[in-house]
Amino acid sequence: MGVALGVPTALYLLVTRNAKSKGNFVEAANLTQLQIGKPQEVTFERTRVDGWRTFQEKVIAWVVRTDDQNVVAYAPQCTHLGCAYHWEAPRNQFVCPCHESRFSIDGKVLGGPAARPLDRYPVRVENSRLLIGSEIRKA
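First residue of the sequence shown? That's 18 in our numbering, and the numbers climb one at a time after it.
Structure below.
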């Protein structure tokens with residue numbers, strides 16, 4: 018009886034862990050449409066599994082093309098309390114309007130109550146396509 022219950026449980030846990038470890042990269046943008054040194058808000062879709070349900074969700078990232086082949090993608094939440102921030106071109110910084118945290122173009126804290134840099138998504142560039150992973154990497 019224990020083997021009959023234990024084997025399916027073990028398989029479920031092992032298969033789920035392996036599926037999550039692949040990174041789930043999805044195409045988010047065409048690299049040629051991103052200007053070097055100019056942050057852009059990018060919206061893309063990815064498949065998310067929640068328990069037994071699988072569904073499509075829209076995801077936002079702030080993307081900065083640093084040179085011809087390198088890109089950084091920031092999670093859209095301020096690291097202070099998770100509010101949405103935006104890019105202010107005249108000030109050349111990301112600004113969170115809720116509590117006035119400010120971040121440089123490379124994600125570092127410039128001021129306000131945020132104690133750590135902006136979180137990032139893992140990225141890859143393949144054939145001029147920007148691929149963004151699903152896991153947010155804490156700074």
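Each residue gets a CB set at the ideal place from its N, CA and C atoms; glycine is no exception.
When Trp69, Val43, Gln57, Ala78 are compared, the shortest CA-CA separation from Arg63 is found for Val43. The three-state secondary structure of Leu48, taken from DSSP, is helix. Excluding its 5 nearest sequence neighbours in each direction, Gly150 has C-beta neighbours in its own chain below 6 Å: Gly40, Phe42, Tyr138, Pro139, listed in chain order.
Ranked by Cα distance from Gln110, the first of Leu51, Pro56, Ala46, Asn47 is Pro56.
For Phe111, the uninterrupted beta strand (DSSP E) run begins and ends at 110-112, by DSSP. Here the alpha carbons of Gly128 and Leu148 stand approximately 31 Å from one another. Cβ-Cβ distances below 7 Å link Glu58 to Ile77, Trp79 in the same chain, with the five nearest sequence neighbours on each side left out; the list follows chain order. Under the three-state reduction of DSSP, Thr83 is assigned to coil, being neither helix nor strand. For Thr49, the closest C-alpha among the options Ile153, Cys95, Thr60, Asn144 is that of Asn144.
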